[in-house]
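Structure first, then comments.
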Amino acid sequence: MVDLSGRILLGDDSAYLRKMIRSLLDEGRTRIVLNLGDVDYIDSSGIGELVSGYSAVRSRGGELKLLNLNRRVRDLLQLTKLYTVFDVHTEEAMALRSFL
Amino acid sequence: MEPDTKHLELTLQTKVESVSLAEEACLRVAEAAGFGEDECYRIGMSVREGVINAFHYGNEERPEKKIYLSVEMTPEKMVIRVLDEGAGFDVKSVPDPLAEENLLSTSGRGIFLMRAFMDEFEVAQGRTGGAEVIMTKRLPGPAAASPNGDGAAPRCES
Numbered sequence: 001m002v003d004l005s006g007r008i009l010l011g012d013d014s015a016y017l018r019k020m021i022r023s024l025l026d027e028g029r030t031r032i033v034l035n036l037g038d039v040d041y042i043d044s045s046g047i048g049e050l051v052s053g054y055s056a057v058r059s060r061g062g063e064l065k066l067l068n069l070n071r072r073v074r075d076l077l078q079l080t081k082l083y084t085v086f087d088v089h090t091e092e093a094m095a096l097r098s099f100l
Numbered sequence: 001m002e003p004d005t006k007h008l009e010l011t012l013q014t015k016v017e018s019v020s021l022a023e024e025a026c027l028r029v030a031e032a033a034g035f036g037e038d039e040c041y042r043i044g045m046s047v048r049e050g051v052i053n054a055f056h057y058g059n060e061e062r063p064e065k066k067i068y069l070s071v072e073m074t075p076e077k078m079v080i081r082v083l084d085e086g087a088g089f090d091v092k093s094v095p096d097p098l099a100e101e102n103l104l105s106t107s108g109r110g111i112f113l114m115r116a117f118m119d120e121f122e123v124a125q126g127r128t129g130g131a132e133v134i135m136t137k138r139l140p141g142p143a144a145a146s147p148n149g150d151g152a153a154p155r156c157e158s
């Protein structure tokens, strides 16, 4: 489980997310939940990083799930049809149980 | 230009920091014009995406090139233009990010978001020969704009 906060935008924020997911994969962690509860803003670059992370984790046979989306992030994923691509949860316990 | 039209122009460097600078400038204008919080978010996001495209695709991240941002406020609408110094492009050639085969693409959603968030959107060839994105948002009606009126939209926060 990774708690993210702030904004995921073009530049350092997106690069941080990319490095963090790559680092987890390098450690052999392929079942990842990104808690976006404190993320209030994502732009197209941030969406691109989430998709990139999702594909990278899947290519290692793992799963990347999202937890606690705020209204704007949820609306953005629905608008871009990614809400149905990602496994999205509202409760941490359910997100963790979904790996079993 | 109409007598009660206000105009703001910024020349931005081709660097990542210009994206947030442009967004912040437009948010201040939108807030002063009376747009609500959600509309400010949509305007800010659209400006961000327009400048990202100019930075990355238009100017190919080349620091010697400039990005020109202009904002025109009339009593009815806010018109935002983002012009780059690239080669221009045909907006019809941009792949649909909602197509099944593009859903997992890591890029290509900026124009889609600008179209979705603004009332009008077009791409023209600008005076530099580069692409000029022109986006319009109509001002809220009197009820929505009233700071104290019932049903007033929350004011934007940047």
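Protein chains in written order, with our numbering: chain U, 1 to 100; chain X, 1 to 158. Just so it is clear, CB atoms sit at the ideal spot from N, CA and C, and this is done for glycine as well.
Distances from the CA of Val-19(X) to each of His-7(X), Leu-27(X) and Phe-55(X) were compared; the closest alpha carbon is that of Phe-55(X). Residue pairing by DSSP places Asp-87(U) opposite Lys-65(U) in a beta bridge. By the beta-carbon neighbour count (other beta carbons within 10 angstroms, threshold 16), Phe-117(X) is buried.
Sorting Met-1(U), Phe-99(U), Arg-97(U) and Leu-77(U) by C-alpha distance to the C-alpha of Ser-44(U) places Leu-77(U) at the top. If you draw a straight line from the Cα of Met-73(X) to the Cα of Thr-14(X), it comes to about 25 Å.
Boundaries of the alpha helix (DSSP H) around Ala-30(X): 17-33. CA-to-CA, the gap between Val-133(X) and Arg-42(X) works out to about 16 Å. Shown here, Ala-124(X) sits in a strand according to DSSP, grouped into three states. Rounded to whole angstroms, the separation of the alpha carbons of Asn-53(X) and Glu-85(X) is 11 Å. For Met-1(U), the closest C-alpha among the options Tyr-16(U), Ile-8(U), Met-20(U) and Leu-10(U) is that of Met-20(U). In the three-state DSSP reduction, Val-94(X) falls in the coil class, being neither helix nor strand. Of the other Cβ atoms in all chains shown, fewer than 16 fall within 10 Å of the Cβ of Gly-6(U); this residue is therefore exposed.
Just so you know, the alpha carbons of Pro-95(X) and Ser-105(X) end up roughly 10 Å apart. One Cα belongs to Leu-103(X), the other to Tyr-54(U), and the distance between them is close to 12 Å.
Judged by DSSP secondary structure, Asn-35(U) falls within the beta strand (DSSP E) whose first and last residues are 31-42. Secondary structure of Ser-105(X) (DSSP, three-state): coil. Between Gly-141(X) and the set Ser-70(X), Phe-89(X), Glu-76(X) and Met-135(X), the nearest pair of CA atoms involves Glu-76(X). Taking a C-beta distance under 8 Å as the contact criterion, Val-51(U) and Leu-79(U) do not qualify as a contact pair. Linking Asp-87(U) to Met-45(X) through their CA atoms gives a straight-line distance of about 25 Å. In the three-state reduction of the DSSP assignment, Glu-132(X) falls in the strand class.
Counted as a single uninterrupted DSSP element, the beta strand (DSSP E) harbouring Ser-70(X) occupies residues 66-73. Listed along chain U are Gly-48, Val-51 and Ser-52, each with a C-beta nearer than 7 Å to that of Thr-106(X).
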